[in-house]
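Structure first, then comments.
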Amino acid sequence: MEKFSGDGQRPITIELLKEKPLPKHIAIIMDGNGRWAKKRGLPRTIGHRYGVESLKKIIESFVDLGIGYLTVYAFSTENWKRPEDEVDALMDLVVEFIDKELDYLDSKGIKVNPIGYIERITGLTYEKIMTAKERTKDNTVLTLNVALNYGGRQEIVRSVKAICQNVLSGETTIDEIDEEFFANTLYTGGQPDPDLLIRPSGEMRVSNFLLWQIAYSEFWITNILWPDFKQEHLWQAIYDYQNRQRRFGGLKS
Ligand code: FPP
207 MEKFSGDGQR PITIELLKEK PLPKHIAIIM DGNGRWAKKR GLPRTIGHRY GVESLKKIIE
267 SFVDLGIGYL TVYAFSTENW KRPEDEVDAL MDLVVEFIDK ELDYLDSKGI KVNPIGYIER
327 ITGLTYEKIM TAKERTKDNT VLTLNVALNY GGRQEIVRSV KAICQNVLSG ETTIDEIDEE
387 FFANTLYTGG QPDPDLLIRP SGEMRVSNFL LWQIAYSEFW ITNILWPDFK QEHLWQAIYD
447 YQNRQRRFGG LKS
């Protein structure tokens with residue numbers, strides 16, 4: 207179904223991708239880990255483990271390409287409904303990822319930026335997340351937003367409450383509130399919106415991810431399951447993105 211050969215004449219390479227503006231920010235819903243495991247008769251948690259391997263490779267590709275922002279959906283506010291052992295396994299994978307990868311991430315200038323209702327996460331996972339955030343806070347090469355206990359609606363409600371508080375205290379006037387002001391109150395405040403949203407595993411849903419920020423994002427959906435998602439798929443998504451016309455509600459130029 208997908209082709210991996212650019213315009214059919216030149217293979218997709220970093221050099222080819224760099225000939226046109228790259229997306230500044232890509233968001234990824236790392237979906238399909240469970241199905242990947244089931245197809246192999248393995249527990250779902252093994253699928254998540256292989257999902258982390260895909261994430262590591264994709265982070266390296268971002269560094270190679272020089273793309274400044276990557277947001278990955280690691281755990282949604284709805285994922286607490288999953289069996290306890292799966293929730294625990296996901297939390298443990300976050301700990302393991304930080305233990306194994308923090309030196310690498312920091313050495314490459316990657317800022318680990320957890321987004322979501324992180325305070326609800328407890329114990330060692332919370333401690334590790336905060337350690338990673340603190341240690342990498344001044345890094346500027348790539349901001350890795352890890353959406354953990356994240357929900358787009360929760361994020362918007364949180365912002366509304368914070369703004370209401372500020373209006374009540376007189377710190378903000380109602381006239382000051384516009385789209386830019388609101389965007390700056392979100393977890394991703396100050397960052398460019400995602401240009402591209404990638405969803406593996408063929409689902410055609412947004413799943414409460416970055417509801418405000420993806421207003422004008424291009425979608426790239428593939429049947430590849432996340433543990434099988436490789437650099438070539440990322441490159442294809444970027445190539446396709448570069449060859450689309452973005453109009454932001456205007457007319458073709
Ligand atoms: C969706 O697949 C995936 C998740 C809910 C979890 C994604 C998390 C990781 C890859 C690990 C996160 C860890 C770090 C280090 C950030 P699914 O389970 O819904 O798959 P299915 O739709 O095939 O069942």
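If you read the sequence shown in my numbering, its first letter stands for residue 207, the second for the next number, and so on.
No residue lacks a Cβ here, since even glycine has one placed at the ideal position from N, Cα and C.
Quick check on residue i: buried or exposed, where buried means 16 or more other Cβ atoms within 10 Å of its Cβ?
i: W286; result: exposed
i: L248; result: exposed
i: D384; result: exposed
i: Y356; result: buried
i: N351; result: buried
i: R405; result: buried
i: S375; result: exposed
i: E290; result: exposed
i: A421; result: exposed
i: T328; result: exposed
i: E424; result: buried
i: F387; result: exposed
i: K226; result: exposed
i: Q371; result: exposed
Can you find the residues in the same chain that come closer than 7 Å, C-beta to C-beta, to residue i, ignoring five residues on each side of it along the sequence?
i: T349; result: G274, Y275, K317, N319, Q397
i: I220; result: D270, L271
i: L417; result: G358, R359, I362
i: S267; result: Q437, L440
i: I380; result: V373
i: R252; result: Arg is not the amino acid found at residue 252; the sequence shown has Ile there. Excluding residues within five positions, the ones whose Cβ falls inside 7 Å are A243.
i: I369; result: T378, I383, T391
i: V347; result: V269, K314, G315, I316
i: D237; result: R405, P406, S407, E409, W432
i: F454; result: Y422
i: R326; result: N355
i: R450; result: E424
So what does residue i bridge to, in DSSP terms?
i: F281; result: L354
i: L271; result: Note: L271 sits in no beta bridge, so no partner.
i: L276; result: I232, L350
At which residues does the beta strand (DSSP E) containing residue i begin and terminate?
i: A443; result: Per DSSP, A443 belongs to no beta strand (DSSP E); it is in the alpha helix (DSSP H), 437-448.
i: W418; result: Premise fails: W418 is in no beta strand (DSSP E) and is neither H nor E.
i: K317; result: 316-321
i: I235; result: 231-235
Kindly indicate the opening and closing residues of the alpha helix (DSSP H) around residue i.
i: V412; result: It is not in any alpha helix (DSSP H) - V412 carries neither H nor E in the DSSP assignment.
i: A295; result: 290-313
i: E424; result: It is not in any alpha helix (DSSP H) - E424 instead sits in the beta strand (DSSP E) that spans 424-427.
i: I220; result: 220-224
i: G247; result: Element bounds for G247: n/a, residue is neither H nor E.
i: E333; result: 329-342
Once you ignore the five residues that flank residue i on each side, which residues in its own chain have a CB closer than 8 Å to its CB?
i: D312; result: R341, T342, N345
i: D474; result: The question about residue 474 has no answer, for the chain in this structure spans 207 to 459.
i: G216; result: Checking the sequence, you will find Arg at residue 216 rather than Gly. For R216, where only same-chain residues beyond five positions count, the Cβ hits under 8 Å are L222.
i: K263; result: K436, Q437
Check whether the Cβ of residue i lies closer than 7 Å to any heavy atom of the ligand GTP, and answer yes or no.
i: N239; result: Here the bound small molecules are the ligand FPP; the ligand GTP is not part of this structure.
Exercise for the section: Counting only runs of 4+ residues fully inside the region 345-410, write out the alpha helix (DSSP H) ranges in chain order. Expected result: DSSP runs (the alpha helix (DSSP H)) wholly in the region 345-410: 358-374, 385-391.
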